[in-house]
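Protein chains in written order, with my numbering: chain A, 1 to 205; chain B, 206 to 410. Beta carbons: idealized from backbone N, C-alpha and C, even for Gly. Given the structure is predicted, the values throughout are model-derived calculations rather than measurements. In what follows, a single structure is set out as C-alpha cells and then discussed.
There are 2 protein chains.
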Amino acid sequence: MPLMNSLPSSLLERAVDEVSRLPGIGRKTALRLVLHLLRQDECQTEALAESLVNLRSGIHYCSVCHNLCDTEMCDVCANPKRDHSTVCVVENVQDVMAIENTQQYHGVYHVLGGIISPMEGVGPSDLEIASLVERVQAGGVGEVILALSPTMEGDTTNFYIYRKLQDTGVRITAIARGVAHNDELQYADEITLGRALLGRVPFSA
Amino acid sequence: MPLMNSLPSSLLERAVDEVSRLPGIGRKTALRLVLHLLRQDECQTEALAESLVNLRSGIHYCSVCHNLCDTEMCDVCANPKRDHSTVCVVENVQDVMAIENTQQYHGVYHVLGGIISPMEGVGPSDLEIASLVERVQAGGVGEVILALSPTMEGDTTNFYIYRKLQDTGVRITAIARGVAHNDELQYADEITLGRALLGRVPFSA
C-alpha cells in the first residue's frame, strides 16, 4: 500500500485521519486499528470512545502535586502515612508511577508537567514551578528531591528550580547518577562512568 | 515501568484498558497515547471518539462486492466505466486498496472478509463465498480472478472457490506467482524460484 489515497468510505477516511493524529501512529497502522474495530462488537468501539471522552472531561489534577487523579487530591497527597515533608520533583505522571513501582519512596511528589526546553518552546512559566516555590514557602517541607531525567533539559530545569528555592532554606537534593544496576562497565558511556568516579561514595558492606 | 499496577486515576485506568485492547498496542503504549490526548485540546479527543462511533454505526458493506462504503453500493460497483464482467476475489478491504493503487485493474471486486483458516476457526461459511457463487450464477460474469495471498490458507481458499465455481462455466484465473520486481534472484526462496521456472511464459520484448 504505497499510496493510500483511495479509502473506499469517507467515514473510514475520517476515522483513519483522527487515529493517525496520535503520536507514533501512521495512516497504515491507523487503518489496521480502525478495521479491527469494525470486526469487533459495536459495544467495544462505544466503550473505547466513551472511556476517552470520560477521561478527558472527568480527569482532575491534584491541587497539591498536580498528579492525575479522580478527585481534588491524589491518593499519595491524601495518604496520612506518607512523609509530607519530603517532596520529589518529577517531570510527568509516568515518572511518579516509575518511582512508586520501586517501593523505595514514601514521601510525596510535585509533577512539573514537563521540562524546560527552549527547543520545544517550553519555558519555566509553562511548568508547575511557581506552585512548587509557593508550596515550599508555605512551610512544612524539609527536603526537595530533584528527580528529573539526566539530560541537558533536566539539568537546566534542576538548576532553575535550585535558584528559585535556594533562599527558602529547604534542603535540596538530586537523585544519584552513576552506572546502572547490572550494566557492564566497559559499555558505560564516558560521561556516566566519569561522573560515577567523581561521585564515588564511602563503601559499606 | 516494569509494573503498571498503580495508575493514579480510575478514569485513566479505564481508558488505558480500552486502548490496550487494540491489536499491537500494549499498556505502556496505551498510556502514552492517552496521556497525549490529555495534553491536547478536549475537542481532539471528542473528534476521535466521534469519528470511531460514527464509523462503527454508519459504515455500510457494498451489497454487491462487500467492500466498505458509505452507501448501499461502493464507488467501484457503482462506476459504469468499470468492467463488471471481471470479478477479482480478495481477502479484505486493504487488498482492494492495494490493487486499486496499481492502477492496472479495471474490473470489479468481491471481498471475502477473510480466508479459510481451520487454525483460527474460520470456515467457508464465515466468508462471502456463497454470495460469490450466487453472483456468478446470476450471470454477467465472464472471469473470476483469484487474488488471495500466496499462503497455505490462500491456496486452500482458492481451491475451495474453484470447486464451487467449476460447474458454472465461468473462466477462473489466479494472479501470477513468481519472482518479485527488483528482487535479487539469489535471495529468492526455493519455492518461489522453482515455481517461477515451472511457470515460465513466452518472452516478449
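Residue-level contact to chain B via CB, residue i, 8 Å cutoff
{"i": "Ile59/A", "result": "yes"}
{"i": "Cys88/A", "result": "no"}
{"i": "Leu35/A", "result": "yes"}
{"i": "Leu38/A", "result": "yes"}
{"i": "Val201/A", "result": "no"}
{"i": "Gln44/A", "result": "yes"}
{"i": "Pro118/A", "result": "no"}
{"i": "Ser51/A", "result": "yes"}
{"i": "Leu146/A", "result": "no"}
{"i": "Leu31/A", "result": "yes"}
{"i": "Glu153/A", "result": "no"}
Endpoints, beta strand (DSSP E) assigned at residue i
{"i": "Val316/B", "result": "312–316"}
{"i": "Ala98/A", "result": "First-last for Ala98/A: 93–102, but that is the alpha helix (DSSP H), not the beta strand (DSSP E)."}
{"i": "Leu351/B", "result": "348–351"}
Terminal residues of the alpha helix (DSSP H) in which residue i lies
{"i": "Ser131/A", "result": "129–137"}
{"i": "Thr157/A", "result": "152–165"}
{"i": "Ile172/A", "result": "That residue, Ile172/A, is in no alpha helix (DSSP H); its beta strand (DSSP E) goes 171–174."}
{"i": "Glu120/A", "result": "Where Glu120/A is concerned, there is no enclosing alpha helix (DSSP H), given that its DSSP letter is neither H nor E."}
{"i": "Leu31/A", "result": "27–39"}
{"i": "Val19/A", "result": "10–19"}
{"i": "Arg240/A", "result": "As shown, chain A starts at 1 and ends at 205. That puts residue 240/A outside it, with no answer to give."}
{"i": "Arg405/B", "result": "Segment: none, Arg405/B is in no alpha helix (DSSP H) and carries neither H nor E."}
Buried or exposed (CB count within 10 angstroms, at least 16 for buried), residue i
{"i": "Asn182/A", "result": "exposed"}
{"i": "Pro419/B", "result": "In the structure as shown, chain B begins at 206 and stops at 410. Residue 419/B is therefore absent and cannot be evaluated."}
{"i": "His110/A", "result": "buried"}
{"i": "Ala381/B", "result": "exposed"}
{"i": "Ile161/A", "result": "buried"}
{"i": "Met97/A", "result": "buried"}
{"i": "Arg39/A", "result": "exposed"}
{"i": "Asp300/B", "result": "buried"}
{"i": "Ser204/A", "result": "exposed"}
{"i": "Ser51/A", "result": "buried"}
{"i": "Ile396/B", "result": "exposed"}
{"i": "Ala130/A", "result": "exposed"}
{"i": "Val201/A", "result": "exposed"}
{"i": "Glu389/B", "result": "exposed"}
{"i": "Asn79/A", "result": "exposed"}
{"i": "Ala180/A", "result": "exposed"}
{"i": "Cys248/B", "result": "exposed"}
{"i": "Leu198/A", "result": "exposed"}
{"i": "Arg261/B", "result": "buried"}
{"i": "Glu120/A", "result": "exposed"}
Own chain residues within Cβ distance below 7 Å of residue i, not counting five before or after
{"i": "Glu72/A", "result": "His60, Ser63"}
{"i": "Glu296/B", "result": "Leu317, Gly319, Ile320, Leu353, Ser354"}
{"i": "Thr45/A", "result": "Leu37"}
{"i": "Lys164/A", "result": "Ile129, Val133"}
{"i": "Leu422/B", "result": "The structure shown does not extend to residue 422/B, since chain B is modelled only from 206 through 410, so no value can be given for it."}
{"i": "Ile25/A", "result": "Val19"}
{"i": "Ala15/A", "result": "Val34"}
C-beta neighbour in chain A for residue i, strict 8 Å
{"i": "Arg287/B", "result": "no"}
{"i": "Leu216/B", "result": "yes"}
{"i": "Ser211/B", "result": "yes"}
{"i": "Met411/B", "result": "Outside the displayed range of chain B (206 to 410) lies residue 411/B, so it cannot be described from this structure."}
{"i": "Asp388/B", "result": "no"}
{"i": "Leu282/B", "result": "According to the sequence shown, residue 282/B is Cys rather than Leu. By this cut-off, Cys282/B is not an interface position."}
{"i": "Ala385/B", "result": "no"}
{"i": "Asp331/B", "result": "no"}
{"i": "Pro355/B", "result": "no"}
{"i": "Leu370/B", "result": "no"}
{"i": "Arg261/B", "result": "yes"}
{"i": "Arg382/B", "result": "no"}
{"i": "Gln309/B", "result": "no"}
{"i": "Asp275/B", "result": "yes"}
{"i": "Ala220/B", "result": "yes"}
{"i": "Gln299/B", "result": "yes"}
{"i": "Glu252/B", "result": "According to the sequence as given, residue 252/B is Ala; it is not Glu. True, the Cβ-Cβ gap to chain A drops below 8 Å."}
Beta-bridge pairing of residue i - partner residues as DSSP gives them
{"i": "Thr86/A", "result": "Glu143/A"}
{"i": "Tyr61/A", "result": "Leu68/A"}
Proximity test, residue i beta-carbon vs the ligand GDP heavy atom, cut-off 7 Å
{"i": "Arg200/A", "result": "With respect to the ligand GDP, the structure offers nothing, as it holds no ligand at all."}
Close beta carbons around residue i, own chain, < 8 Å, minus the five adjacent residues each side
{"i": "Val327/B", "result": "Gly319, Ile320, Ile321"}
{"i": "Gln342/B", "result": "Thr373"}
{"i": "Gly154/A", "result": "Glu91, Ile115, Leu148"}
Cut-off 6 Å between Cβ atoms - residues of its own chain near residue i, not counting five sequence neighbours on either side
{"i": "Leu351/B", "result": "Val294, Asn363, Ala379"}
{"i": "Ile99/A", "result": "Tyr105"}
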